[in-house]
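Visitor:
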Amino acid sequence: MSAPVISPDVLELLRHQSGLSIDRDGCFQHKSGPITHERILATLYRGLEMNDDGQLIVRVADQWAYIPFEDSPYVVQNIRVMGSEPAENLELLLVGGRREPLDAASLELKGTHDLYCQVESGRAWARFSRVAYHNLLPFIIEQKAAPSGYGIQLGSTITPIALFVDK
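Numbering (our numbering), first residue to last: 3 to 169.
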């Protein structure tokens with residue numbers, strides 16, 4: 003007995019109606035309730051990626067679904083200094099356990115409180131949590147020439163922080 007065949011249109015509809023989403027804090031939700039099971043969360047976070055159309059998806063084995071999100075698809079939970087002092091590189095610790103080097107040139111300030119940077123080799127945006135933003139403050143300096151009025155100093159390099167433009 004063969005498995006039933008699902009038409010491409012039905013499969014696309016199912017991928018949009020999984021009930022999964024990511025809230026502003028980067029936490030997975032299912033139909034408005036938080037997902038709390040550690041192994042399920044680990045599987046979902048491990049499967050997150052931006053597709054070629056710029057849409058967030060989660061891939062589990064050979065199946066995948068679209069994932070709507072609030073604000074940004076990723077959230078920086080904290081930062082970590084890489085190497086010795088003075089810090090020349092920072093590592094981003096994203097919600098879900100993923101780690102990426104900070105691309106200082108991608109930093110953008112939205113309003114007065116929300117800081118973002120690019121992750122996934124520039125394919126997606128991540129918002130800094132309060133803790134991560136607070137821990138980044140020692141590296142942020144005033145820089146009048148920067149669009150935001152601020153820059154980030156890593157080692158002897160000062161990189162201007164841009165103003166966020168909705169993408």
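Each residue gets a CB set at the ideal place from its N, CA and C atoms; glycine is no exception.
(1) Confirm, please, whether the CB-CB distance from P149 to A128 is below 8 Å.
(2) Indicate whether L46 and F30 have their beta-carbon atoms separated by less than 8 Å.
(3) The alpha helix (DSSP H) with D11 in it runs from where to where?
(4) So for L165, helix, strand or coil by DSSP?
(5) How is the alpha helix (DSSP H) around V133 delimited, first residue to last?
(6) Nearest to A106 by CA position, among A89, R26, A5, is which residue?
(7) Run the CB neighbour count on Q57, radius 10 Å, all protein chains shown included, and call it buried at 16 or more, exposed below.
(8) Which residue from K33, N137, H136 puts its Cα closest to that of F71?
(9) Would you identify the three-state DSSP class for S108, choosing helix, strand or coil?
(10) Please identify the residue among P36, S108, Q145 whose C-alpha is closest to the C-alpha of G124.
(11) Can you tell me whether N4 is buried or exposed? The criterion is at least 16 other CB atoms within 10 Å of its CB, across all chains shown.
(12) Rounded to whole angstroms, what's the CA-CA distance from L95 to P6? Just pull it up for me.
(13) To the nearest angstrom, how far is the alpha carbon of E87 from that of G157?
Guide: So, from the data block:
(1) no
(2) F30 is positioned such that its CB atom lies closer than 8 Å to that of L46.
(3) 10-18
(4) The answer is strand: DSSP assigns L165 an E or B state.
(5) 132-138
(6) Looking only at A89, R26, A5, the smallest Cα-Cα distance to A106 is reached by A89.
(7) exposed
(8) K33
(9) helix
(10) S108
(11) Before going further, note that residue 4 is Ser rather than Asn in the sequence given. With fewer than 16 other Cβ atoms within 10 Å, it is exposed.
(12) For the pair L95 and P6, the Cα-to-Cα distance works out to about 42 Å.
(13) Their Cα atoms are separated by approximately 8 Å.
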